[in-house]
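Novice: So the sequence shown is numbered by my numbering: it starts at 2 and just counts up by one.
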Amino acid sequence: MSNSMNDPDSNASVLNNINSNGTNTDISTVTSTPLSQQNIGGRKLTSRVWLYAKKSDDGQEAACLLCDYTCSCRSHSTSTIRQHLIIKHNKLDLILKSSSVLAKFKISEGLKNELHQLCYYAIIKDGRPFNDLNKIGITALINKLCPDYKPPHRNQVVRHLKDLNKHHHDLLKEELKTVYRLSITLDFWSNRKNESFLCITGHWMNNSLDSISKIIDFSCFNERHTAIEITKVLREKMIDLGVYDKVFCITCDGAENLVLACELLNEDIFRIWCYAHRLHLVVINALGFWMSNKKKNTDEPGYSSANILTFNTTTSNVTDLEIEQENMDVEWDLELNDDSWNINDVDLIDETDAYDTSNATANTEFSETTDFYDDEIINEQDIVELMNDSWSNVIKDLVNLTQPQKLILQVLKKCRAIAKILKKSSLISRFVRKEQDSTKSKKNISNDCPSRWNSTFNLIDAIIDLKHVIIKLFTDKWSLNLRKDQVSKLAKIELTSENWDLLSALHFVLRPFFLATKMMSGKEYATIGLSYYAIHEIKCFCAKEDKCSEQSKTFKRLLADKLTKYFYSNSEQIHHLQRLAYFDPTSHLCLNDKEKQQIEHYIRKLITDDVYPLESSSNDNLTSSSTLSAQIQVKPSIFDEFMAACGQEEIILTSNMKEKSKRISINEELKYFKQVVQQFNAAVQPSTKSAKNFWKAHKDRLPLLTHLAKIHLSACATSVPSESAFSQSAFIGRKERNRITGEHLAYSVFLKDKL
2 MSNSMNDPDS NASVLNNINS NGTNTDISTV TSTPLSQQNI GGRKLTSRVW
52 LYAKKSDDGQ EAACLLCDYT CSCRSHSTST IRQHLIIKHN KLDLILKSSS
102 VLAKFKISEG LKNELHQLCY YAIIKDGRPF NDLNKIGITA LINKLCPDYK
152 PPHRNQVVRH LKDLNKHHHD LLKEELKTVY RLSITLDFWS NRKNESFLCI
202 TGHWMNNSLD SISKIIDFSC FNERHTAIEI TKVLREKMID LGVYDKVFCI
252 TCDGAENLVL ACELLNEDIF RIWCYAHRLH LVVINALGFW MSNKKKNTDE
302 PGYSSANILT FNTTTSNVTD LEIEQENMDV EWDLELNDDS WNINDVDLID
352 ETDAYDTSNA TANTEFSETT DFYDDEIINE QDIVELMNDS WSNVIKDLVN
402 LTQPQKLILQ VLKKCRAIAK ILKKSSLISR FVRKEQDSTK SKKNISNDCP
452 SRWNSTFNLI DAIIDLKHVI IKLFTDKWSL NLRKDQVSKL AKIELTSENW
502 DLLSALHFVL RPFFLATKMM SGKEYATIGL SYYAIHEIKC FCAKEDKCSE
552 QSKTFKRLLA DKLTKYFYSN SEQIHHLQRL AYFDPTSHLC LNDKEKQQIE
602 HYIRKLITDD VYPLESSSND NLTSSSTLSA QIQVKPSIFD EFMAACGQEE
652 IILTSNMKEK SKRISINEEL KYFKQVVQQF NAAVQPSTKS AKNFWKAHKD
702 RLPLLTHLAK IHLSACATSV PSESAFSQSA FIGRKERNRI TGEHLAYSVF
752 LKDKL
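As structure tokens, this is what we get:
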């Protein structure tokens, strides 16, 4: 057999191998000059492509023999003409083995764009680094699933992030055009690079009476944190969003610059406290969790947002929170705070004791703090640093500690020392984990922090939950292969029976505060009415001293005093809270008749003065539901007769009719409202959905009050939405992403709840 027949790229007369319909005949049966013997420009033609195409004499172009197609083939390339023959003429024998897999998984441009969008979504939603999808492991997975797809480069992600930010800002502006009134929360936060950010969240109720909560602005704040600068930036951002005249109230902490900024912004916008923040201050200052036992010379209250921060109250001559940041750390006992615990396990073993060298070698690792935030490892101190917001430097009364406060602080120091040692000694932490596994307890003992709400309660709760483990730890301390001085130090923080009793009493009185804060922090339901109810119930709880230990009674008295100071001493703020809460049926369980009458007078004034004009649809409902107002016969006064003589009779009568109609309508609605609220509370247990369910059931009969309820119930009881945004930004700006710019961090946080 000739070489031409054995050569897979051998060539017969091409024209003889192509029939009239463009298909090739059996090439193997045709004999012709081998391709290897053909020369174009001094180069042999060896590819099977030339069975169906012809190269020009100069070797620069290739012409298809099956149609009129020509293309460039410079540098002897056959890829273009090969692709043409495969796609247009179905010459599958020209498919190269190396490209068969890629051809099999060839994706369309539409699918590629869809996958790109999913990549952007994953990076933003999960707070991933921009180049995460191009790392080796992820790339291998993607190549296996879709070999022809390559994820976007980090530069593509950055460009698209900016486009997405603009797109969703435009969508937000369009959405806010349909919002009648909204409340906002605002706060400041600084990252590791000391870049400052301003977060503004918006809250409103839609026509279906669903609570909507969104970040409406998260941006770098490069100005000085003065009230004037804050006011200027706030006004610019609100005007840009088209909500400057729609903002009803602002929830923020009591920093002087924020308080003054709210006053300067707009006289029609009032500020309310962050009630979870206030509850936190009640607890830590009543029970002395972070107090220093030293006197102050002045008792002037104030609140600064610089390094010295105090909380603002309306009462005078009261000791308040004033402490420099560098003094905020707990002053641990030197014996518990030294570095003797922060060593490897070999050093923990008593030198006089015999031990297995191989075992000692295996136990030489350091014990690290390993708190998991999603699937990233960030230690506890990092989280505290990342969450450094504008009031985290607050929170100490500089007063003489009372005896109960001294006892509390003494026990808390032991608890904090236990938590600290568990993080420093791998032997002790291993012992605790082993005991936990046997009891299937999942709680971890983490130290508390002055600025984290309920962190001390969580510490106490974990200590009590692991009581049997901690008791066993102290009982078996001599069997842990610790040095004698280590055992001696461990013995000094052993919790006595009296300590356990005190912790139980603390846990009992703090649990309502913990649950109240949790309830106030909801984002998907109206919180303002529940907050007023919770504060009232906590006040009643602290006043009730039956069926509890003497220690619990003492703690309740301390809490009751601070509750009065931080909540009920400011009449303006308590009136704001009552007016807002009135529209939640739950609040009527604790409002007295006098308070209700005052609020009803406020509501009548809002309606008659047309402070919040009804939209056209609401006006139609009001007209159809108010039949009495159309039948009112107005007796003209002398002034009316005078105006009538001047030709203004119709205007005056129409004005009087409208005024009378409003008064009658709101009085009728208030009367009906009080009846149905009483029936509702008698039949329905208070819950986070009470307000929404009530107004959905009665909105048709109460158009005026429903209109006001949508406005007032949008008020946010806490600044948790802003704090939550800071948690997200802290995670996005973690150590592993120290290259991320402030602008890109702001884009990522803003987009997180938009996608």
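Where a beta carbon is used, it is the ideal one built from N, C-alpha and C, also for glycine.
Do you know whose CA, among Leu705, Lys675, Asp59 and Phe432, lies nearest Asn482's CA?
Specialist: Numbered from its first residue, the sequence shown carries residue 482 at position 481. Ranking Leu705, Lys675, Asp59 and Phe432 by Cα distance to Asn482 puts Phe432 first.
Novice: Going by C-alpha distance, which of Ser48, Tyr533, Phe189 and Asn156 is nearest Ala726?
Specialist: For the purposes of this step, residue 726 is taken as residue 725 along the sequence shown, with counting starting at 1. Answer by Cα proximity: Phe189.
Novice: Below 7 Å CB to CB, which residues in the same chain sit around Val283 once its five sequence neighbours on both sides are set aside?
Specialist: In the sequence shown, the residue the question calls residue 283 occupies position 282. Hits under 7 Å: Leu560, Lys563, Leu564 and Tyr567.
Novice: Would you call the stretch 182 to 196 in contact with the stretch 706 to 715, where contact means no fewer than 3 C-beta pairs closer than 8 Å?
Specialist: The stretch 182 to 196, when compared against the stretch 706 to 715, does touch it at the 8 Å Cβ threshold.
Novice: Among Glu176, Asn455 and Leu671, whose alpha-carbon lies nearest the alpha-carbon of His602?
Specialist: Within the sequence shown, the letter at position 601 stands for residue 602. Of the candidates Glu176, Asn455 and Leu671, the one whose C-alpha sits nearest the C-alpha of His602 is Leu671.
Novice: If I measure Cβ to Cβ from Phe219 and keep anything under 8 Å in the same chain, skipping five residues before and after, which residues do I get?
Specialist: Indexing the sequence shown from 1 puts residue 219 at position 218. Excluding sequence neighbours, Phe219 sits near Phe198, Leu199, Cys200, Ile201, Ala726, Ser730, Ala747, Val750 and Phe751.
Novice: Does Cys647 pass the burial test, meaning 16 or more other C-beta atoms within 10 Å, or should it be called exposed?
Specialist: Reading the sequence shown from its first residue, position 646 is the one you call residue 647. Cys647 comes out exposed.
Novice: What residue from Gln579, Ser442, Asn459 and Leu705 has the CA that sits closest to Leu607's CA?
Specialist: In the sequence shown, the residue the question calls residue 607 occupies position 606. Here the closest residue by C-alpha is Leu705.
Novice: Is Phe131 helix, strand or coil by DSSP?
Specialist: Here residue 131 refers to the residue found at position 130 when the sequence shown is read from its first residue. Looking at Phe131 - three-state DSSP - the assignment turns out to be coil, as it is neither helix nor strand.
Novice: Taking only runs that begin and end inside the stretch 187 to 252, name each unbroken beta strand (DSSP E) of 3 or more residues, in chain order.
Specialist: The stretch 187 to 252 contains these whole beta strand (DSSP E) runs: 197 to 206, 212 to 221 and 248 to 252.
Novice: Here's a check: name, in chain order, each residue in its chain whose Cβ is nearer than 8 Å to the Cβ of Lys247, leaving out the five neighbours to either side.
Specialist: Stepping through the sequence shown from its first residue, residue 247 is reached at position 246. These residues qualify, in order along the chain: Leu177, Val180, Tyr181, Arg182 and Leu183.
Novice: Use the C-beta contact count for Gly111: other C-beta atoms within 10 angstroms, 16 or more gives buried, fewer gives exposed.
Specialist: Within the sequence shown, the letter at position 110 stands for residue 111. That one is exposed.
Novice: State the DSSP-derived secondary structure class of Thr71, mapped to helix, strand or coil.
Specialist: Residue numbering aside, residue 71 sits at position 70 when the sequence shown is read from its first letter. Three-state result, Thr71: strand.
Novice: Between Lys92, Leu590 and Lys89, which lies nearest to Ala683 when the distance is taken from Cα to Cα?
Specialist: Here residue 683 corresponds to residue number 682 of the sequence shown, with the count starting at 1. Checking every option, the nearest Cα to that of Ala683 belongs to Leu590.
Novice: Mind reading off the beta-carbon distance from Thr609 to Lys663? Whole number of angstroms is fine, and I expect it under 8 Å.
Specialist: As a working note, residue 609 is residue 608 in the sequence shown. As a working note, residue 663 is residue 662 in the sequence shown. That pair is a contact at about 5 Å.
Novice: Could you pull the start and end residues of the beta strand (DSSP E) that Phe290 belongs to?
Specialist: Taking the sequence shown and counting its residues from 1, the one referred to as residue 290 is at position 289. No beta strand (DSSP E) contains Phe290, which DSSP labels as neither H nor E.
Novice: On the criterion of 16 or more Cβ atoms from any shown chain inside 10 Å, does His77 qualify as buried, or is it exposed?
Specialist: Counting from 1 along the sequence shown, the entry for residue 77 is found at position 76. Exposed, because fewer than 16 other Cβ atoms sit within 10 Å of the Cβ of His77.
Novice: Express the C-alpha separation of Asn135 and Ala506 in angstroms, rounding to a whole number.
Specialist: Looking up residue 506 in the sequence shown gives position 505. Looking up residue 135 in the sequence shown gives position 134. Answer to the nearest angstrom: the Cα atoms are 54 Å apart.
Novice: Would DSSP call Ala256 helix, strand or coil?
Specialist: Position 255 of the sequence shown, counted from the first residue, corresponds to residue 256. In the structure shown, Ala256 sits in coil (DSSP, three-state: anything other than H, G, I, E or B).
Novice: Is the separation between the beta-carbon of Ala692 and that of Gly530 shorter than 8 Å?
Specialist: As a working mapping, residue 692 is identified with position 691 in the sequence shown. As a working mapping, residue 530 is identified with position 529 in the sequence shown. For Ala692 and Gly530, yes; Cβs fall inside 8 Å.
Novice: Which whole-angstrom value is the C-beta distance of Leu757 and Met292, which I expect to be below 8 Å?
Specialist: Since the first residue of the chain shown is 2 and the last is 756, residue 757 is not available in this structure.
Novice: Using CA atoms only, rank isn't needed, just tell me which of Cys541, Cys253, Glu744 and Ile472 is closest to Trp501.
Specialist: Mapped onto the sequence shown, residue 501 falls at position 500. The shortest C-alpha separation from Trp501 is found at Ile472.
Novice: Answer with buried or exposed for Gly138, where buried requires no fewer than 16 other C-beta atoms within 10 angstroms of its C-beta.
Specialist: Against the sequence shown, residue 138 aligns to sequence position 137. Its Cβ having fewer than 16 others within 10 Å, Gly138 is exposed.
Novice: Sorted by chain position, which residues of the same chain lie with C-beta nearer than 8 Å to Leu759's C-beta, five sequence neighbours on each side aside?
Specialist: Since the first residue of the chain shown is 2 and the last is 756, residue 759 is not available in this structure.
Novice: Rounded to whole angstroms, what is the Cα-Cα separation between His278 and Gln404?
Specialist: The residue given as residue 278 occupies position 277 in the sequence shown. The residue given as residue 404 occupies position 403 in the sequence shown. When rounded, the distance between both Cα atoms is 26 Å.
Novice: Residue range of the beta strand (DSSP E) that Ser62 falls in?
Specialist: Position 61 of the sequence shown, counted from the start, is the residue given in the question as residue 62. For the record, residue 62 in the displayed sequence is Glu; it is not Ser. Residues Glu62 to Cys65.
Novice: Using alpha carbons as the reference points, say which of Ile461, Cys416 and Lys519 lies closest to Leu491.
Specialist: Along the sequence shown, one-based indexing puts residue 491 at 490. Taking only the C-alpha atoms, the option nearest Leu491 is Cys416.
Novice: I'd like to check one pair, Ile446 with Ile429: are the Cβ atoms closer than 8 Å?
Specialist: To locate residue 429, count along the sequence shown from 1; it is residue 428. To locate residue 446, count along the sequence shown from 1; it is residue 445. No, Cβ-Cβ distance for Ile429 and Ile446 is not below 8 Å.
Novice: Report yes or no: do the stretch 262 to 272 and the stretch 220 to 234 share at least 3 C-beta pairs separated by less than 8 Å?
Specialist: With a cut-off of 8 Å, the stretch 220 to 234 and the stretch 262 to 272 count as touching, because enough Cβ pairs lie within range.
Novice: Please give the ranges of any alpha helix (DSSP H) in the stretch 480 to 520, keeping only runs that are unbroken, at least 4 residues long and fully inside the region.
Specialist: Entirely contained in the stretch 480 to 520, the alpha helix (DSSP H) runs reaching 4 residues are, in chain order, 485 to 493.
Novice: Rounded to the nearest angstrom, what separates Met206 and Leu511 at their Cα positions?
Specialist: Translated into the one-based positions of the sequence shown, residue 206 becomes position 205. Translated into the one-based positions of the sequence shown, residue 511 becomes position 510. Cα to Cα, the separation comes out at about 32 Å.
Novice: Relative to the C-alpha of Lys421, which candidate in Lys443, Asn91, Leu460 and Thr440 has its C-alpha closest?
Specialist: Stepping through the sequence shown from its first residue, residue 421 is reached at position 420. The option with the nearest alpha carbon to Lys421 is Leu460.
Novice: I need the straight-line Cα distance from Lys468 to Glu724, nearest angstrom please.
Specialist: Within the sequence shown, numbered from 1, the residue matching residue 468 stands at position 467. Within the sequence shown, numbered from 1, the residue matching residue 724 stands at position 723. If you take the alpha carbons of Lys468 and Glu724, they lie about 32 Å apart.
Novice: Excluding the 5 residues preceding and the 5 following Glu196 in the sequence, name in chain order all residues of the same chain whose CB lies nearer than 7 Å to its CB.
Specialist: Indexing the sequence shown from 1 puts residue 196 at position 195. Excluding residues within five positions, the ones whose Cβ falls inside 7 Å are Cys221 and Gly743.
Novice: Tell me which residue opens and which closes the alpha helix (DSSP H) that Lys557 is part of.
Specialist: For the purposes of this step, residue 557 is taken as residue 556 along the sequence shown, with counting starting at 1. It spans Glu551 to Leu564 - the alpha helix (DSSP H) in which Lys557 sits, taken as one unbroken run.
Novice: Could you tell me whether the Cβ atoms of Val50 and Leu97 are closer together than 8 Å?
Specialist: As a position in the sequence shown, residue 50 is number 49, starting the count at 1. As a position in the sequence shown, residue 97 is number 96, starting the count at 1. Result no, Cβ atoms of Val50 and Leu97 do not sit closer than 8 Å.
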